[in-house]
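There are 2 protein chains.
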Amino acid sequence: MMKQSLSVRIRDYILTHIQDGTWPCDHRIPSEATIMKQFSASRMTVHRAIKELATEGYIYRERGRGSFVAKRIPRRDLLEISDIAEEIAARGGTYFSALKYLEREKLSPITTHVFGPDNADNIARSTIVHFENGIPLQLEDRYVNLTLAPDYLELDFTTTTAHQYLIHTAPLQKAEHQLMAVLPNPEQKEYLQVQDNEPCLLIKRKTWSGGELVSYAELLYPGSRYSFGGVFTPGNK
Amino acid sequence: MMKQSLSVRIRDYILTHIQDGTWPCDHRIPSEATIMKQFSASRMTVHRAIKELATEGYIYRERGRGSFVAKRIPRRDLLEISDIAEEIAARGGTYFSALKYLEREKLSPITTHVFGPDNADNIARSTIVHFENGIPLQLEDRYVNLTLAPDYLELDFTTTTAHQYLIHTAPLQKAEHQLMAVLPNPEQKEYLQVQDNEPCLLIKRKTWSGGELVSYAELLYPGSRYSFGGVFTPGNK
DNA sequence: CAGTGGTCTAGACCACCGC
DNA sequence: CGGTGGTCTAGACCACTGA
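Protein chains in written order, with the working numbering: chain A, 1 to 237; chain B, 238 to 474.
Listed below in structure tokens is the structure:
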């Protein structure tokens, strides 16, 4: 077992508390001095770990006051991992979802291609429509590696989202996205309740945990109801 | 005059050499030890400045070898500013562009809304189709603030792109993007030579320099020929 | 081997905040 | 005033590279 660097351990310590909800938004995290003692680390090391989290948007810091958990999931990356339920709630909308399909997926060329031969026979598949104020906003077609997320088939999707479960079960380490414009097929059109010829944004997303592919998802958004926004500012200064 | 911090001065020293071309791509920049002497700085300070540039994608570092100027403008953001000509060239494709329109834009509600009343009467507009291997890949409809980019109407777009000119004339400080799926109108369909009902990716991008809005562009990509990809990895490790 | 970057320590001085 | 973060110093040990 490879020993992680001290600053990474401090980073993970903070991130874990943020992601599991122990430290909610605007919660003040322990001061540099406190964490120094806790990890027997020098101040530079603690400071560096926190500062990087601040750069990434997880933390905001105020001189003389302390360091606090930032209000939102970080947005430094446009396609930041985000939970659709959270996103809708943050806008003040009403969220609910409809589970359309949830089964163990049969071995197929597709699962083999995506998850590799070793995992392809232990994959679940779910299809969920996510609604904002009663209107479909996202169609989620997801494949999940049951080796890493064994409870997936027993989840209650009325009280949790796939994203929330996966975050807690298999801490995200890497994500890969591809984004494109497509026309939905008839089934997708029905789920999303869109007109003929309405273009949609399609995001294909793979997420890894512990070096293993946890999940592959295709997220479809009606073009008329959704757009991504992002601000990019180079440098710190 | 406010004295800048030492690490910022080191940062600017390196960035300047990259941006004015003194240090081209893959050029090895001075070692930490060299810069320490040059600025009478400690190693931690030099290291921090360079490391942040590496995080932002300007520099890549190899232990035991040195630090080098990265091949491209940083890619830490999925919708990083990128030059379409460069991107096509990087893939080994043949690039050319067709200028469809280039005029000073009349004062209009649109220009006023985007650039504000003070600048709305000094705006240029260009429409350019960008081709990869003879096939249209991007339709660029761009508005440019002539106060900040006075030569825009005299540019030779066969030898330079709007993006290249703007980078040199008005150093980019901030960019804002919005990304959506749309169906092209008849004019756009003709420029891009796409079928009926082919969905397209539309990116709306505003770029600022020195606190002023320099340019607003709408970039349209055929859905069948283009997709965005990105990898997101939290943390550094 | 000398040179490079990766990480860390144990201090230091400062600016700012809230009591 | 004490606690906080912002910045910097002067060392140290390590892993890796290339001659």
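C-beta atoms are modelled at their ideal positions from N, C-alpha and C, and glycine is treated no differently.
Since we're looking at a predicted model, the values are computed, not measured.
- Interface annotation, A:L6: not in contact with chain B, CB-CB separation never under 8 Å.
- Counting other Cβ atoms within 10 Å of its Cβ, B:D320 reaches 16 or more and is therefore classed as buried.
- A:L219 does not reach chain B, its nearest Cβ partner there being about 12 Å away, counting only Cβ pairs nearer than 7 Å.
- The DSSP-derived three-state label of A:A70 is coil.
- Residue-level contact check: A:N185 does not touch chain B, since none of the beta carbons of chain B fall below 8 Å from its beta carbon.
- In the displayed model, B:L344 falls within coil according to three-state DSSP, outside both helix and strand.
- Residues L139 and L220 of the same chain have their beta carbon placed closer than 7 Å to that of A:Q188, with the five preceding and five following residues left out of the count.
- In this model, A:F68 and B:Q415 are separated by some 29 Å (Cα to Cα).
- For B:A418, the pairing in a beta bridge is given by DSSP as B:L438.
- Judged by their CB atoms, A:I128 and A:F157 are nearer to each other than the 8 Å cut-off.
- Taking the Cα positions, A:P30 is about 10 Å away from A:Q38.
- Distances from the alpha-carbon of A:I110 to those of A:G223, A:R225, A:S224 and A:A217 put A:A217 closest.
- Counting every other CB atom within 10 Å of its CB across the protein chains shown gives B:R341 a total below 16, marking it as exposed.
- Here B:T406 has A386 as same chain residues with Cβ atoms under 6 Å from its own Cβ, once five neighbours each way along the sequence are excluded.
- Per DSSP, A:L146 lies in no alpha helix (DSSP H) segment and is marked neither H nor E.
- DSSP, reduced to helix, strand and coil, places B:Y295 outside both helices and strands of the structure shown, so it counts as coil.
- Boundaries of the beta strand (DSSP E) around A:T127: I123 to E132.
- Non-local beta-carbon contacts of B:A418 in its own chain, meaning distances under 8 Å to residues more than five positions away in sequence, involve P436, C437, L438, L439 and G460 in chain order.
- At least one C-beta of chain A is nearer than 8 Å to the C-beta of B:N434.
- Following the DSSP letters along the chain, one finds B:A454 inside the beta strand (DSSP E) bounded by residues E449 to P459.
- The DSSP-derived three-state label of A:F96 is strand.
- Annotation for A:L146: N122, I123, A124 and Y152 place their beta carbon closer than 7 Å to its own, counting only its chain and skipping 5 residues before and after.
- Nearest to A:L53 by C-alpha distance, out of A:S40, A:S7 and A:T159, is A:S7.
- Taking the CA atoms as reference points, B:T253 sits about 33 Å from B:P354.
- Non-local C-beta neighbours of A:V144 in its own chain, meaning closer than 6 Å and more than five positions away in sequence, comprise A124, Y152 and S215, ordered along the chain.
- In the structure shown, B:S244 falls within a helical segment according to DSSP collapsed to helix, strand and coil.
- Distance between A:E62 and A:E56, taken at the CA atoms: about 16 Å.
- Shown here, A:T34 sits in a helix according to DSSP, grouped into three states.
- Here A:R142 carries a strand assignment [DSSP, helix/strand/coil].
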